[in-house]
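2 protein chains.
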Amino acid sequence: MIDSKGKLLRPAYFYLFSRLGHANQDMHKEIVAAAASTEVLHLATLIHDDIIDESDMRRGIETIQSKHGKDVAVYTGDLLLSVYFDLLADATDSVEIIKLNTLSMKRVLMGEINQMTNVYNTDVTYENYLKSIKGKTAQLFELSCYEGAYFGQCNPDIIEKSRSIGQNIGIAFQMIDDILDYTQTPEILSKPILNDVKQGIYTLPIILGIESNKEKFLPLLKKGENLSDSDLATLVSLLNDNDCIKRAQVIAKKYIDEALLSIESLPSHPEKDTLYSLTKKLLIREF
Amino acid sequence: MIDSKGKLLRPAYFYLFSRLGHANQDMHKEIVAAAASTEVLHLATLIHDDIIDESDMRRGIETIQSKHGKDVAVYTGDLLLSVYFDLLADATDSVEIIKLNTLSMKRVLMGEINQMTNVYNTDVTYENYLKSIKGKTAQLFELSCYEGAYFGQCNPDIIEKSRSIGQNIGIAFQMIDDILDYTQTPEILSKPILNDVKQGIYTLPIILGIESNKEKFLPLLKKGENLSDSDLATLVSLLNDNDCIKRAQVIAKKYIDEALLSIESLPSHPEKDTLYSLTKKLLIREF
């Protein structure tokens, strides 16, 4: 999975933030270990998510769950969680950082659990969706940006801003992921599409659809896991007819814009420009 | 699960060892947190094991996997792993202890994975069985005894002996568990019996059976998951006819005796006697 098509965004944000600080070359090993830990935690949660979703494709390759069975997938995820804390212990003597990570991990899982408790709930609200994605996705972006700033020994002003920048990026990133699920092909995404709705996970486009046109959306959604390919095609048309995709993009853009505004306010630095342009590109990404 | 019929043996061994040292009352909070962490890691692995075994009963109550589904079980196990490291961070400033725990966790999982790679392998050896149980079970007993001695500020001699005492206890504990699976009722064990052999996990009694009477054992084992209740009854008779249970008990006793010998060699202390009698009782436990 490490060799596959992952974007490595979390360690990238970690590293970019770390460059904005005063840390010297001596800290390189610790910075790399801590940056890697963010991706390892991400990988562990992906592998465990795939058990739950029974997903067969991820990052363009067969999932561990599908190739080696759920038993191997459970233990591989657990093993990566031990590697995650091992890398952290390589990176720092600070128990506060360890505790920050256990808290983040807890929030990621609570986001997943919140999402799970709302499956097939057509009354799920935008606020509830936001709660799920703040946990399951944004939490790790927030941690990555913050830890980058912390390990890079940034000024307090940057350290403080890093959290909300990370959170806004993470929220937007997940919204865009959820939009792409309805607009992109599985080939380009390197993973199956339209799985969420069949499994009763109603993401931003669907929530906007229910809000604006209950009569059309509910009868379809009530079919639950029995949604046929033709039902799914109807659903996608409905989303477009009701401007749900466009409206979801506007909301995602709001979060990206907020992140960009904060990034702009950071002190001038070459890596600041990379941070800015990388974040801007997230909005127009195709996979 | 915390409220159910767990024996809490790992924190018990931790606590007994901690009493043999010089730590004063100030350390009480840290000792309790670290002792609890051993049980929390154990619980996390049990919950994940039950996903793999599709077990429906554990400690006399329905498993999380059976009651709430595998999705909840995956995340509950993960959540407990974050609690595990959280408790450790409450207990210590030592990165070495964190790293010792990630290493132990890794060895526990490698033991599970080793066991898994040998399912339905009728050529599995005693050495290989020992490798699996040293990881999946003995590792955590070793860690619990060692951490107890460490946090209790024991003399170096006790700290050094704690590891091998824990390992011998853990090996014997698992062997006895595997024996009880063939000699006890599900009611008394508070969990299903004879599941291992159906799932192709050949433990000590079966390995001794294959070694001594291949012709009788192999045709039965070859039925794999299709072993009927009457096949299982035949298997249990075969184990008794070939003295496999008795021979397994002799081997388990060897490890308990080794642990008892080391415990005897510890300096005199009231808790040393408790340690001794608790360990002795493990051999004759009925559940």
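If you read the sequences in order, they're chains A and B.
Start counting the first sequence at 1; every next residue gets the next number (my numbering).
Start counting the second sequence at 1001; every next residue gets the next number (my numbering).
A virtual CB, placed ideally from N, CA and C, is assigned to each residue, including glycine.
1) Can you tell me the Cα-Cα spacing of aspartate 78/A and lysine 70/A, whole angstroms?
2) Does DSSP classify methionine 116/A as helix, strand or coil?
3) Distance, Cα to Cα, phenylalanine 1014/B vs cysteine 1154/B?
4) Could you check whether serine 1144/B and arginine 1010/B sit closer than 8 Å to each other, using their CB atoms as the reference points?
5) Using beta carbons (cut-off 8 Å, strictly below), is phenylalanine 151/A in contact with chain B?
6) Methionine 1175/B by DSSP, collapsed to three states: which one?
7) How many angstroms separate the CA atom of valine 1095/B from the CA atom of aspartate 26/A?
8) Under 8 Å: do the region 176 to 189 of chain A and the region 242 to 260 of chain A share three or more Cβ pairs, one atom per stretch?
9) In three-state terms, what does DSSP make of glutamate 1054/B?
10) Using 8 Å as the cut-off, can you tell me whether the region 106 to 122 of chain A makes contact with the region 1108 to 1117 of chain B, which would need three or more C-beta pairs spanning the two stretches below that distance?
11) Write down the C-beta distance between tyrosine 1084/B and valine 1040/B rounded to the nearest angstrom, noting that I regard them as a contact closer than 8 Å.
12) Going by DSSP, which residues form a beta bridge with glutamate 1062/B?
13) Verify the CB distance criterion: does threonine 102/A have a CB-CB separation below 8 Å to chain B?
14) Write down every uninterrupted run of the alpha helix (DSSP H) in the region 1119 to 1170 of chain B whose length is 4 residues or greater and which is fully enclosed by it, in chain order.
15) Using a Cβ-Cβ distance under 8 Å, would histidine 48/A count as near chain B?
16) Would leucine 143/A pass as an interface residue toward chain B - the criterion being a Cβ-Cβ separation below 8 Å?
17) Taking its Cβ as the centre, do 16 or more other Cβ atoms sit within 10 Å of glycine 21/A, making it buried, or is it exposed?
18) For tyrosine 1075/B, go through chain A and note every residue whose CB falls closer than 7 Å to its CB, in chain order.
19) Taking only three categories from DSSP, how would you classify phenylalanine 1287/B?
20) Express the C-alpha separation of methionine 1/A and proline 192/A in angstroms, rounding to a whole number.
21) State the CB to CB distance for the pair aspartate 196/A and threonine 185/A, rounded to an integer number of angstroms; the pair is presumed to be in contact (CB under 8 Å).
22) Serine 1104/B and glutamine 1065/B: beta carbons closer than 8 Å?
23) Quick check on alanine 1033/B - is its C-beta less than 8 Å from some C-beta in chain A?
24) Quick check: the Cα distance between aspartate 1123/B and glutamate 1062/B, rounded to an integer number of angstroms?
25) Which residues, in order along the region 1075 to 1097 of chain B, keep a beta-carbon less than 7 Å from a beta-carbon of chain A?
26) Does the beta carbon of lysine 106/A sit closer than 8 Å to a beta carbon anywhere in chain B?
27) Looking at isoleucine 1031/B and phenylalanine 1151/B, is the spacing between their C-beta atoms short of 8 Å?
28) What residues of chain B sit near lysine 70/A, judged by a beta carbon separation below 8 Å?
29) Using the C-alpha atoms, what's the distance from glycine 1166/B back to glycine 135/A?
30) Tell whether a beta-carbon distance below 8 Å holds between asparagine 1168/B and glutamate 1054/B.
31) Just mark lysine 29/A as buried or exposed, buried being the case when its beta carbon has 16 or more other beta carbons within 10 Å.
So, from the listed chains and residues:
1) Within the first sequence, numbered from 1, the residue matching residue 78/A stands at position 78. Within the first sequence, numbered from 1, the residue matching residue 70/A stands at position 70. Cα to Cα, the separation comes out at about 12 Å.
2) Sequence index remark: in the first sequence, residue 116/A carries index 116 (1-based). Helix.
3) For the purposes of this step, residue 1014/B is identified with residue 14 of the second sequence, where counting begins at 1. For the purposes of this step, residue 1154/B is identified with residue 154 of the second sequence, where counting begins at 1. For phenylalanine 1014/B and cysteine 1154/B, the distance between alpha carbons rounds to 12 Å.
4) The count along the second sequence starts at 1 and reaches residue 1010/B at position 10. The count along the second sequence starts at 1 and reaches residue 1144/B at position 144. Taking 8 Å as the Cβ cut-off, arginine 1010/B and serine 1144/B qualify as a contacting pair.
5) Sequence index remark: in the first sequence, residue 151/A carries index 151 (1-based). Not closer than 8 Å to any Cβ of chain B, the Cβ of phenylalanine 151/A fails to qualify, so no.
6) Against the second sequence, residue 1175/B aligns to sequence position 175. Reduced to three states, the DSSP call for methionine 1175/B is helix.
7) Residue 1095/B sits at position 95 when you count from the first residue of the second sequence. Residue 26/A sits at position 26 when you count from the first residue of the first sequence. Roughly 19 Å between the two C-alpha positions.
8) yes
9) Stepping through the second sequence from its first residue, residue 1054/B is reached at position 54. Three-state DSSP puts glutamate 1054/B in coil, outside helix and strand.
10) no
11) For the purposes of this step, residue 1084/B is taken as the residue at position 84 of the second sequence. For the purposes of this step, residue 1040/B is taken as the residue at position 40 of the second sequence. Confirmed, Cβ separation roughly 5 Å.
12) Position 62 of the second sequence, counting from 1, holds the residue named residue 1062/B. Beta-bridge pairing links glutamate 1062/B to Met1057/B.
13) Counting from one through the first sequence, the residue named residue 102/A turns up at place 102. Interface residue, yes.
14) 1126 to 1133, 1139 to 1151
15) Here residue 48/A refers to the residue found at position 48 of the first sequence. Closer than 8 Å: yes.
16) Residue numbering aside, residue 143/A sits at position 143 when the first sequence is read from its first letter. It does not; no Cβ of chain B falls within 8 Å.
17) The count along the first sequence starts at 1 and reaches residue 21/A at position 21. Its Cβ being crowded by 16 or more others within 10 Å, glycine 21/A is buried.
18) Here residue 1075/B refers to the residue found at position 75 when the second sequence is read from its first residue. Here the neighbours are Leu109, Glu112, Ile113.
19) As a first step, residue 1287/B must be located in the second sequence, where it is residue number 287. Correct three-state label for phenylalanine 1287/B: coil.
20) Within the first sequence, the letter at position 192 stands for residue 192/A. Within the first sequence, the letter at position 1 stands for residue 1/A. Each residue's alpha carbon lies about 16 Å from the other.
21) Within the first sequence, residue 196/A is the residue found at index 196, counting from 1. Within the first sequence, residue 185/A is the residue found at index 185, counting from 1. Their Cβ separation, rounded to whole angstroms, is 16 Å, which puts aspartate 196/A and threonine 185/A out of contact at 8 Å.
22) Residue numbering aside, residue 1104/B sits at position 104 when the second sequence is read from its first letter. Residue numbering aside, residue 1065/B sits at position 65 when the second sequence is read from its first letter. No, these two residues do not count as a Cβ contact at 8 Å.
23) Position 33 of the second sequence, counted from the start, is the residue given in the question as residue 1033/B. Closer than 8 Å: no.
24) Your numbering for residue 1123/B matches position 123 in the second sequence. Your numbering for residue 1062/B matches position 62 in the second sequence. Near 34 Å, if we compare the C-alpha coordinates of glutamate 1062/B and aspartate 1123/B.
25) Tyr1075, Asp1078, Leu1079, Leu1081, Ser1082, Phe1085, Asp1086, Ala1089, Asp1093, Val1095
26) Looking up residue 106/A in the first sequence gives position 106. Yes, its Cβ sits closer than 8 Å to a Cβ of chain B.
27) Sequence index remark: in the second sequence, residue 1151/B carries index 151 (1-based). Sequence index remark: in the second sequence, residue 1031/B carries index 31 (1-based). Going by C-beta atoms, phenylalanine 1151/B is nearer than 8 Å to isoleucine 1031/B.
28) The residue labelled residue 70/A in the question sits at position 70 within the first sequence. Residues of chain B passing the Cβ test: Ile1051, Ile1052, Lys1070.
29) On the first sequence, position 135 is the one that residue 135/A refers to. On the second sequence, position 166 is the one that residue 1166/B refers to. When rounded, the distance between both Cα atoms is 39 Å.
30) Position 168 of the second sequence, counted from the start, is the residue given in the question as residue 1168/B. Position 54 of the second sequence, counted from the start, is the residue given in the question as residue 1054/B. No, the pair does not count as a contact, with Cβ atoms beyond the cut-off.
31) Position 29 of the first sequence, counted from the first residue, corresponds to residue 29/A. The residue is exposed, with fewer than 16 neighbouring Cβ atoms inside 10 Å.
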